[in-house]
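The working numbering puts the sequence shown at residues 99 to 235.
We treat Cβ as the ideally placed atom computed from N, Cα and C, and that holds for glycine.
A quick note: this is a predicted structure, and the numbers were derived from the prediction, not measured.
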Amino acid sequence: MRREEETFVKVWHIGPIRFRKIMAIEVIIRGIRGATVVDFHGRLDMHSRWHVKAIINQCCHTEQEHLILNLKGLTFVDSAGLGFLVLCSYQFKELRRRISWIQPQGCVGELLQNLQIHELISVCQSEKDALSAVSPS
């Protein structure tokens with residue numbers, strides 16, 4: 099005869115707990131057809147931007163042609179995170195290299211559209227579009 103499994107949850111009242119801020123972003127770097135793609139997943143905020151800064155700085159030293167920032171996986175960006183992305187893009191352009199963003203989804207995408215970021219930085223709808231886009235003068 100099979101015994102039913104029961105789940106027990108114990109709760110202890112121990113007062114207020116302060117959790118240390120945990121990195122809320124995952125970054126994946128991959129190479130494709132003459133470009134380096136950096137995929138962002140999660141939250142880009144004032145806490146996670148330092149982690150991302152180290153990665154982008156490394157890309158500035160290693161990527162010779164085209165850097166694609168895939169923002170489709172971003173679920174949140176604050177002003178510090180957005181400012182950081184814009185500054186990184188200008189830094190990469192100063193090195194005379196090509197940089198493109200892939201349009202994020204949801205509220206992050208709406209934010210970029212409302213701020214008209216596409217007037218400053220090349221924002222593409224897909225990775226394929228970013229690869230085939232001609233670099234602006």
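Helix, strand or coil at residue i according to DSSP, with G and I counted as helix
i: residue 228; result: helix
i: residue 215; result: helix
i: residue 147; result: helix
i: residue 124; result: strand
i: residue 171; result: strand
i: residue 132; result: coil
Same chain, Cβ closer than 8 Å to residue i, neighbours up to 5 away in sequence not counted
i: residue 130; result: 225, 229
Residue i - containing beta strand (DSSP E), residue span
i: residue 185; result: From DSSP, residue 185 is part of no beta strand (DSSP E) but of the alpha helix (DSSP H) over 177–192.
i: residue 196; result: 196–200
Identity of the residue in the options nearest residue i by Cα
i: residue 132; options: 202, 143, 166; result: 166
i: residue 249; options: 152, 179, 140, 136; result: As shown, the chain starts at 99 and ends at 235. That puts residue 249 outside it, with no answer to give.
i: residue 199; options: 148, 147, 160, 134; result: 134
i: residue 227; options: 163, 156, 201, 215; result: 201
i: residue 136; options: 186, 217, 177, 178; result: 186
i: residue 231; options: 164, 179, 177; result: 164
i: residue 148; options: 127, 208, 123, 159; result: 123
i: residue 179; options: 126, 206, 156; result: 206
i: residue 213; options: 138, 189, 184, 197; result: 184
i: residue 162; options: 197, 218, 208; result: 197
i: residue 189; options: 208, 217, 156; result: 156
Contact with chain B by residue i, beta-carbon distance below 7 Å
i: residue 175; result: Among the chains in the structure shown there is no chain B, since it carries only a single protein chain.
Proximal residues to residue i (C-beta, below 7 Å), its chain only, five neighbours per side dropped
i: residue 151; result: 182
i: residue 221; result: 199, 201, 210, 215
i: residue 176; result: 143, 144
Cut-off 6 Å between Cβ atoms - residues of its own chain near residue i, not counting five sequence neighbours on either side
i: residue 153; result: 125
i: residue 218; result: none
Do the segment 189–197 and the segment 169–177 make contact, defined as three or more Cβ pairs closer than 8 Å?
no
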